[in-house]
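As numbered in my numbering, residues 7 to 355 make up the sequence shown, in order.
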Amino acid sequence: MGQLKLEDVRPGMVLAAPVMSPDGGTLLLKEGHALTIKGIQKIKELKIETIEIADRNSLFVTPIDKMAENLERDFLLYLRKISPKQAEANKNDNMVRVAGELENSIGKICRQEKIMEFCVQLKLVDNLRLYQHSVNTAVLAGLTAGAMGMTGEQLTTIVAGGLLHDIGLCEMPLVIGQKERNSQQQQLWEEHPTYGYYFAKQNEIPQEICELILYHHERWDGSGFPKIKAGDEIPISAQIIGLCSQYDEEITVQHVPSYMAIEEIYGISGIHFSSKVVEAFVNNIPVYPLGVMVRLSNKEVGIVANIRKNQGPRPIVKVFFNRTNRPITETKIVDLSRERTLFIEEILE
């Protein structure tokens, strides 16, 4: 038992003494209370610097609080992989600002208990193909939306929509990850946006987010589902989530090389997705982060040295190893925008 600075307090720690308002007139939290993220945030807002903890080595944390902690960590980890804080590691200076706004957005979302409950379900049903895919989609969608000028609550809404877009699949786990489905399974699959919409509505998720869940599989040419909407009938935020979900599904779950996933997106621009959305994605999201080690299609290995000079998935690479993995002595810079027969075959993480 002892005083602990608030910066060292973690959800699940138990109070050894009640927490009173700064003026001493109001009881905020009782002795024996297991702290939650909301409780800690409330104490911070009142500028209380220390509290009495029963045992700092024991945590009695709920799955909701643990999810909020993990989600913020996972979101920021992927965000900073795609958009580091160094300006030169982004496609343009504006994306540094957008990434900063997304940090604020995920903090707000992690304090919303209903959304955290859904995220727990995503992780329990399928950690990679539902939870991690949803986190990645939320990051990519937030960055793309920010590049298109969305800010504030708009960004928070689209991040939440990205996180929850596949919650309908929690009720149909047998169709998750199937490459081939029979007619009955396909019909069920095409209903998951509807399932997700009503789950969200029943749990009082804001209507704007519910609609993103419902429409994320609609396509620009009317070939999507479940409502067969087309063109501008589809909310722009739902188009963004749909594109980002498809891209991440291919590279994260199906292990399609990034250059092939991007080429496919180029190919369906103006068909499955608005050309404005496609342009915002490919021109602002670095497919190959600055400083990552890559293997080229001629088997040479190098480091991505510049992502700003060229648009799309063709950065400048400084080569360090030849095709037999031997170090090279001369300086060799490969500009993939000019070497059109070369492409990045593999990221060596």
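Where is the CB? At the ideal position from N, CA and C, for every residue including glycine. All values derive from a computational prediction rather than experimental measurement.
Name the two residues that bound the continuous alpha helix (DSSP H) containing residue i.
i, result
"Pro333", "Counting along the chain, Pro333 falls outside any alpha helix (DSSP H), though it belongs to the beta strand (DSSP E) covering 333–341."
"Thr200", "198–208"
"Thr143", "139–153"
"Val3", "The requested residue 3 is not part of the displayed model; the chain covers only 7 to 355."
"Leu220", "213–221"
"Ser64", "Here Ser64 belongs to no alpha helix (DSSP H), and DSSP marks it neither H nor E."
"Leu194", "189–195"
For residue i, which three-state DSSP category applies?
i, result
"Ala23", "coil"
"Ala286", "helix"
"Lys50", "helix"
"Asn100", "helix"
"Leu82", "helix"
"Ile353", "strand"
"Val181", "helix"
"Gln92", "coil"
"Trp226", "coil"
"Ala105", "helix"
"Gln317", "coil"
"Arg346", "coil"
"Asn110", "helix"
"Ala71", "Correcting the residue identity first, residue 71 is Asp in this sequence and not Ala. In this structure, Asp71 counts as helix in the three-state DSSP scheme."
"Tyr294", "coil"
Grab the span of the beta strand (DSSP E) containing residue i for me, first residue to last.
i, result
"Gly168", "Not the beta strand (DSSP E): Gly168 falls in the alpha helix (DSSP H), residues 158–170."
"Ala311", "307–312"
"Leu128", "Per DSSP, Leu128 belongs to no beta strand (DSSP E); it is in the alpha helix (DSSP H), 119–131."
"Leu35", "33–35"
"Ile322", "322–327"
Assign residue i to buried or exposed, taking buried as 16 or more other Cβ atoms, counted over all protein chains shown, within 10 Å of its Cβ.
i, result
"Leu136", "buried"
"Leu134", "exposed"
"Arg225", "buried"
"Asn142", "buried"
"Gln160", "buried"
"Ala93", "exposed"
"Ile112", "buried"
"Asn96", "buried"
"Met73", "buried"
"Tyr253", "buried"
"Ser205", "A small fix is needed here, since residue 205 is Phe in this sequence, not Ser. The residue in question, Phe205, is buried, as its Cβ has 16 or more Cβ neighbours within 10 Å."
"Lys358", "Residue 358 lies beyond the stretch modelled for the chain, which goes from 7 to 355, so this question has no answer here."
"Ile234", "exposed"
"Gly167", "buried"
"Arg346", "exposed"
"Thr337", "exposed"
"Pro292", "buried"
"Ile43", "buried"
"Asn290", "buried"
"Ile350", "buried"
"Asp172", "buried"
"Arg344", "exposed"
"Phe66", "exposed"
"Glu186", "exposed"
"Ser229", "exposed"
"Ile59", "buried"
On the DSSP bridge list, what partners appear for residue i?
i, result
"Ser275", "Phe279"
"Lys11", "Thr56"
"Ala40", "Val20"
"Met299", "Ile309"
In its own chain, which residues sit with a C-beta less than 7 Å from the C-beta of residue i, not counting the 5 before and 5 after it?
i, result
"Asp227", "Ala236, Ile277, His278"
"Gln123", "Reading off the sequence, residue 123 comes out as Glu, not Gln. Here the set comprises Ile70."
"Lys207", "Cys216"
"Gln184", "Gln191"
With a threshold of 8 Å on Cβ separation, who are the neighbours of residue i within its own chain once the five nearest residues in sequence on each side are excluded?
i, result
"Met154", "Ile242, Ile246, Lys282, Val283, Ala286"
"Lys50", "Leu12"
"Ile339", "Ala311, Ile322, Val323, Lys324, Val325"
"Ile57", "Gln9, Leu10, Leu12, Val15, Leu21, Ala23, Val25, Ile49"
"Ile271", "Leu249, Gln252, Tyr253, Phe279, Val284, Phe287, Val288"
"Asn304", "Arg329, Leu348"
"Glu210", "Lys120"
Just to confirm my understanding: we take residue i, look at its own chain, exclude 5 residues before and 5 after, and list those with CB closer than 6 Å. What are they?
i, result
"Asp99", "Ala93"
"Ala244", "Leu218, Tyr221, His222"
"Glu256", "Val262, Ala267"
"Leu128", "Leu136, Tyr137, Ser140"
"Ile240", "Tyr221, Glu224"
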